[in-house]
Each structure stands twice: as structure tokens, then as C-alpha cells.
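Let me begin by presenting the structure, written as C-alpha cells, before commenting on it.
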Amino acid sequence: MIRQLTVTDIERALELCRSAGWNQTAVDWLRLIEHEPLGCFVAERDNLVVGTVTSTRYENDLAWIGMMLVDQRYRRQGIGTRLMNTCLEYLRAVAVGCIKLDATPAGQPVYQRLGFQVEGRFHRWSRDSELATSIVHSRSGTSLAVEHLELDRAAFGADRASWLQRLAADSQLCLRQQGFGMLRHGFLANYLGPVIAKTEDVARDVIHELLTQSRGQTFWDIPHDNTVAIQLAQSLNFKPGRDLTRMWLGSRLLTAHMKFQFALADPSTG
């Protein structure tokens, strides 16, 4: 049975996350449900949640599919495909023009069979760090201003203001006149992103400030097209890890400007 994901399913969703080795927390799941309560789904067998999928909609221009998880004991039974089809039906019913997702190597063939096409690729970079210096500069803030949201729309290709404000509420936020960035806690590591900036100098300033707040391991997802961000990560002793593929489906591809995206927000939401 496929039904909507609810807050009472978060504990089981976290179990699936841990089994897959993913970084999301209960706060991440709650944020997804609150943002798109009708567009997140679970698969049930014998009163047990055995699979999940979420969608994050940025008005009707763009939506992101994420958190595609299936209990390893129930794989190869078509559960993932049914979850995806349910999610796609929902997004088409609300007239979303472009649908994207970030695929693992194992998931990419499944999505290709559903009609998704490759748009680009990115690496997850990571590093371990000793004690943070706990410096918070005066220009840090708790919410994004209009100019930051406009810059993000130009970089991302769609208006995700509502989502970014939700994300900022659960993150360390660094604001500059021509850029911004966020850092938040995860189960396995801190997560750096998104970082949106007009110039390399602004991005470097934002990233350095946020990393002073980071203790332990930090993940940083960087699009392949942003070679400046890759060079910056290397200079900060980050190492590349897993490779993911960005894919899209819909009536037209909504393009992004990766030269302004120095860190992605999350593979489950773009």
C-alpha cells in the first residue's frame, strides 16, 4: 500500500536512513513533511513502512524528488518504482513543469527507465576537523533578506524562498552583501550548503566563516561545473567521495547557473 508520509513515520524513516548510511536527521524529515505534506509518501507491507519518497516543490516551476529509500529486505519487488510513480503523478497533477532528482549510481538506471535524463554530476567532498573556534561574525543572521533570495533565484533557476527560510531556521547562517551560506548538523557529519555567491572572494569568506563553526566531519556537495569551488575545497583539505548524477524530467529543462553555486543545499532537495 502507498500512502502519504506523516510525522508518525519519522522514526521508521530514520531507521531506513541509518540502514542506507545517509546523513538526514528527524529535523530534516519534519522539514520535508511540513513543506510538502501532500507530496511525501511511504510504502507499507504488513503494517511496516518499507519505503519512502519525498517531493519538495518550488512553486510550479520546479520540484525535487528525494529520500527514495527501500528496506533492503523488500527490494527488487517494484516498491521503488511504485513510490516514484505515485510521486510523479502528484507533481504532474499540480502542474510542475520540471522535476529533478540527484541519483546514486544504483538508482540512475531506475530513473532512466522512468524517462529521466542526465543534466550534470557532482561530488560529495568531506574532511575531518578538530575543535571549532566558535567565531560568529556580526554579519551572520537568522533569516535571508530579499537580495539574498533574488541571488539564489538567479543561481538556482527557481524561487525557493520559502524552503530556504525553513532551512535557515535550522542552520548556522552566514550573510554577505553578495552571497550567503548555511551549515547544519547531520547524523554522520555537519553539512555545508547551500553556499550562493556572486564572486569567489565572497564564497571563500562565507565558507571560511561557516567552517569555524564546524567540529568533526563535514560534508560538502559541489557541482562539477564549479571548478573554483572544487579548488577551494582542495585547498581546505576536503577529499572527494561519492559521485551523484543530477537528472531531470518534464516539459522543459529549468537551467541553473552553477558558477554561483559553491555548495548545493542537499541531494534530496537540490
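Numbering (the numbering used here), first residue to last: 3 to 272. Even for Gly, the Cβ is constructed at its ideal location relative to N, Cα and C.
Integer Cβ distance of residue i from residue j, believed to fall under 8 Å
{"i": "residue 71", "j": "residue 43", "result": "That belief does not hold up - the Cβ atoms of residue 71 and residue 43 are roughly 11 Å apart, past 8 Å."}
{"i": "residue 160", "j": "residue 256", "result": "6 Å"}
{"i": "residue 226", "j": "residue 124", "result": "6 Å"}
{"i": "residue 189", "j": "residue 150", "result": "In fact, because the Cβ distance is near 28 Å, the residues do not count as touching under 8 Å."}
{"i": "residue 4", "j": "residue 45", "result": "6 Å"}
Own chain, CB closer than 8 Å to residue i, minus 5 neighbours either side, in chain order
{"i": "residue 254", "result": "99, 100"}
{"i": "residue 144", "result": "170, 171, 175"}
{"i": "residue 234", "result": "202, 205, 206, 209, 264"}
{"i": "residue 258", "result": "157, 158, 159"}
{"i": "residue 252", "result": "98, 99, 100, 101"}
{"i": "residue 86", "result": "55, 67, 70, 112, 113, 116"}
{"i": "residue 131", "result": "213, 216, 217, 218, 219, 220"}
N- and C-terminal bounds of the alpha helix (DSSP H) containing residue i
{"i": "residue 113", "result": "110-115"}
{"i": "residue 170", "result": "163-171"}
Terminal residues of the beta strand (DSSP E) in which residue i lies
{"i": "residue 192", "result": "192-199"}
{"i": "residue 131", "result": "119-131"}
{"i": "residue 82", "result": "From DSSP, residue 82 is part of no beta strand (DSSP E) but of the alpha helix (DSSP H) over 81-95."}
{"i": "residue 220", "result": "218-225"}
{"i": "residue 10", "result": "No beta strand (DSSP E) holds residue 10; DSSP gives it neither H nor E."}
{"i": "residue 233", "result": "Unbroken run through residue 233 is the alpha helix (DSSP H), 229-237; no beta strand (DSSP E)."}
{"i": "residue 175", "result": "174-178"}
{"i": "residue 185", "result": "181-186"}
{"i": "residue 29", "result": "No beta strand (DSSP E) contains residue 29, which is instead part of the alpha helix (DSSP H) from 28-37."}
Other residues of its chain near residue i: CB distance less than 7 Å, five sequence neighbours each side excluded
{"i": "residue 223", "result": "124, 126, 195, 265, 266, 269"}
{"i": "residue 47", "result": "76"}
{"i": "residue 1", "result": "Nothing can be reported for residue 1, as the shown portion of the chain is limited to 3 through 272."}
{"i": "residue 82", "result": "53, 70, 72, 112"}
Proximity to residue i [Cα-Cα], best of the options
{"i": "residue 199", "options": "114, 90, 209", "result": "209"}
{"i": "residue 216", "options": "102, 187, 205", "result": "187"}
{"i": "residue 250", "options": "243, 271, 234, 84", "result": "271"}
{"i": "residue 221", "options": "229, 114, 228, 238", "result": "238"}
{"i": "residue 178", "options": "191, 148, 156", "result": "148"}
{"i": "residue 129", "options": "168, 192, 12, 85", "result": "192"}
{"i": "residue 36", "options": "25, 10, 241, 45", "result": "10"}
{"i": "residue 153", "options": "23, 180, 27, 243", "result": "180"}
{"i": "residue 110", "options": "261, 260, 164, 245", "result": "245"}
{"i": "residue 94", "options": "78, 63, 184, 45", "result": "63"}
{"i": "residue 231", "options": "105, 243, 146, 260", "result": "260"}
{"i": "residue 173", "options": "185, 162, 165", "result": "185"}
{"i": "residue 165", "options": "30, 89, 24", "result": "30"}
Residues of its chain near residue i, where Cβ-Cβ distance is below 6 Å and the 5 sequence neighbours each way are ignored
{"i": "residue 103", "result": "67, 249"}
{"i": "residue 41", "result": "57, 92"}
{"i": "residue 243", "result": "126, 128"}
- prompt: Is the segment 92-100 in contact with the segment 45-62, if contact means three or more CB pairs nearer than 8 Å?
  reply: yes
field: Stretch-stretch touch, CB-based, cutoff 8 Å, three pairs: the segment 45-54 with the segment 8-22
entry: yes
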